[in-house]
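Peer 1: Take a look at this one; I'll ask things after.
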Amino acid sequence: MMASCTIGLTGLATWSAIIGLSAFLAILTVSLLYMLGKLFRVPTITAWAKIEIYEAAATVMFVAGAAFIIGIACAVDLSFFYYYLHPALGPAPMLPPGFTGAGDFFQASTTYLADLQHLTYANYYLPVQTVLQHWEVQASVSKFSCLTSICLILPQGWSIDPGTGYYSKMGAGYFILNSLMVAMLSISSLLFMLQYASSGALLLLFPLGAIFRSIPYMRGFGGALMALALVLYLGLPLLLFLNALIAYGPLVNAPLTLPPKCLATGEGACIGPMALMAATAGFVTVFLPALDFILLAAFGRELAGLFGSELDLMRLSQLV
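Following the numbering used here from start to finish, the sequence shown increments by one per residue and tops out at 842.
Structural data, given as structure tokens:
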């Protein structure tokens, strides 16, 4: 079963419209430059306009190539990914409503992030919060003691706080809880970025970049916009998909748990497992996305250089 991208921008008609719009805007820009050169009798602008015809053609070729690559990427059947996420359950209730058994990179990445957020909250955040609640109760316990003979005469004695030592544990526990909160915020940010990439980046940034690429001295900026749109639309969901293949299996098949005594009364060696939970969540939700963005920035820079480069007409004429 072939999949199609979620926003419906990869259909032949839609992409043909985008290519046609980019070509029209590029030719319109070049025509305006040519007419301005003729109107004000500036030979330099007129010569520029003649050269820009080739640049406009190159812009259309870049857009057509991007349409072809995105069409291939969106036609990949990723239905196996859902069964990989839940090998024992198949399409389990944790999956989004309306699951059909097939999807694209956006659907797979969204499923991964949604499930990861659920696992982080249910398996890590809530147990740590439960232990901290036990510690708060233990730390607030206070006892009043005195000698019986003195208490019968004068209301004098001393107060004992047997749970004072829990405050040191609570400091470490709250740090771990805050780390898990940062992990969940990171997942939410990635979900919003994925939604922006799937609904707005390609539709807005790519045609705008094609326009600027057809303007002299703006080719670098236009190429950067085109590269940014493609990196967000293709690179981000692809890398999140690879993150899922690396990290999701161990999280589901071997989840970290706290000792039963920690969850029941807050007693026992709880700090070590809690710290391991925070480290695992931080690695999956902070370190791996940071590595993804480094790769995206490096690839986007090279792609922007390709899109924003000037055509060497002399070498092109020799080739022809």
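Ideal Cβ positions, reconstructed from N, Cα and C, are used throughout, including at glycine.
Would you call Gly830 buried or exposed, if buried means 16 or more other Cβ atoms sit within 10 Å of its Cβ?
Peer 2: Buried is the call here.
Peer 1: In terms of alpha-carbon separation, which member of Ile709, Ala769, Ala636, Leu752 lies closest to Phe728?
Peer 2: Leu752
Peer 1: Compute the distance between the beta-carbons of Thr551 and Ile768, then report whether it is under 8 angstroms.
Peer 2: no
Peer 1: Do the segment 574 to 581 and the segment 713 to 721 meet, that is, are 3 or more Cβ pairs less than 8 angstroms apart?
Peer 2: no
Peer 1: Can you give me the Cβ contacts of Phe821 inside the same chain, cut-off strictly under 8 angstroms, excluding the 5 residues immediately before and after it?
Peer 2: Val753, Gly757
Peer 1: Exposed or buried, what is Gly583 when buried is set at 16 or more other beta-carbons lying within 10 Å of its beta-carbon?
Peer 2: Looking at the sequence itself, residue 583 is Met, so the reference to Gly does not match. Burial call: exposed.
Peer 1: If I measure Cβ to Cβ from Pro781 and keep anything under 8 angstroms in the same chain, skipping five residues before and after, which residues do I get?
Peer 2: Gly790, Ala791, Cys792, Pro795
Peer 1: Nearest CA to the CA of Ile709: which residue from Tyr634, Arg735, Val585, Gly542?
Peer 2: Tyr634
Peer 1: Go ahead and label Tyr689 buried or exposed: buried means 16 or more other beta carbons lie within 10 angstroms of its beta carbon, across all protein chains shown.
Peer 2: With a 10 Å radius around the Cβ and a threshold of 16 neighbouring Cβ atoms, Tyr689 comes out exposed.
Peer 1: Nearest to Pro759 by CA position, among Leu818, Ala571, Val653, Gly693, is which residue?
Peer 2: Leu818
Peer 1: For a quick check, are the C-beta atoms of Ile567 and Leu554 less than 8 angstroms apart?
Peer 2: no
Peer 1: Given this structure, state the Cα-to-Cα distance separating Phe562 from Thr632, to the nearest angstrom.
Peer 2: Within the model, the alpha-carbon separation for Phe562 versus Thr632 is close to 55 angstroms.
Peer 1: Alpha helix (DSSP H) containing Val806: first to last residue?
Peer 2: No alpha helix (DSSP H) holds Val806; DSSP gives it neither H nor E.
Peer 1: Buried or exposed for Gly693, please, with buried defined as at least 16 other CB atoms from any protein chain shown within 10 angstroms of its CB.
Peer 2: exposed
Peer 1: Tell whether a beta-carbon distance below 8 angstroms holds between Leu798 and Val653.
Peer 2: no
Peer 1: Can you look up Met748 in the DSSP assignment and give me helix, strand or coil?
Peer 2: helix
Peer 1: Return the residue from the list Leu725, Leu648, Ala766 that minimises the CA-CA distance to Thr779.
Peer 2: Just measuring C-alpha positions, the residue of Leu725, Leu648, Ala766 sitting nearest Thr779 is Leu648.
Peer 1: Look at the Cβ atom of Thr642, then the Cβ atom of Ala800, and state whether they are nearer than 8 angstroms.
Peer 2: no
Peer 1: Go ahead and pull the three-state DSSP assignment for Val650.
Peer 2: Annotated three-state conformation of Val650 is helix, per DSSP.
Peer 1: Quick one: using the 10 Å Cβ neighbour count with 16 as the cut-off for buried, is Asn700 buried or exposed?
Peer 2: exposed
Peer 1: Which residue wins for smallest C-alpha separation from Leu828, given the options Ile549, Pro565, Trp570, Gly587?
Peer 2: Gly587
Peer 1: Which whole-angstrom value is the C-beta distance of Ala579 and Tyr556, which I expect to be below 8 angstroms?
Peer 2: That pair is no contact at about 15 angstroms.
Peer 1: Look at the Cβ atom of Val510, then the Cβ atom of Ala644, and state whether they are nearer than 8 angstroms.
Peer 2: As displayed, the chain neither begins before 523 nor continues past 842, which places residue 510 out of reach and without an answer.
Peer 1: Thinking just about the alpha-carbon of each residue, which of Ile737, Ala545, Lys783 is nearest to the one in Val650?
Peer 2: The shortest Cα separation from Val650 among Ile737, Ala545, Lys783 belongs to Lys783.
Peer 1: If you reduce the DSSP assignment to three classes, tell me which class Asp814 lands in.
Peer 2: helix
Peer 1: I'd like the list of long-range same chain contacts for Val806, defined as Cβ closer than 6 angstroms, with 5 residues on each side in sequence excluded.
Peer 2: Excluding its 5 nearest sequence neighbours in each direction, Val806 has C-beta neighbours in its own chain below 6 angstroms: Ala769, listed in chain order.
Peer 1: Kindly list the residues whose CB is nearer than 6 angstroms to the CB of Ala766, restricted to its own chain and excluding five residues on each side of it in sequence; keep chain order.
Peer 2: If we look at Ala766 and ignore the five residues flanking it on each side, its Cβ neighbours are Tyr634.
Peer 1: Looking at Phe627: is its Cβ nearer than 8 angstroms to the Cβ of Ala589?
Peer 2: No; because the gap between Cβ atoms is not below 8 angstroms, this pair is not in contact.
Peer 1: Between the alpha carbons of Leu726 and Pro565, how many angstroms are there, rounded?
Peer 2: 34 angstroms
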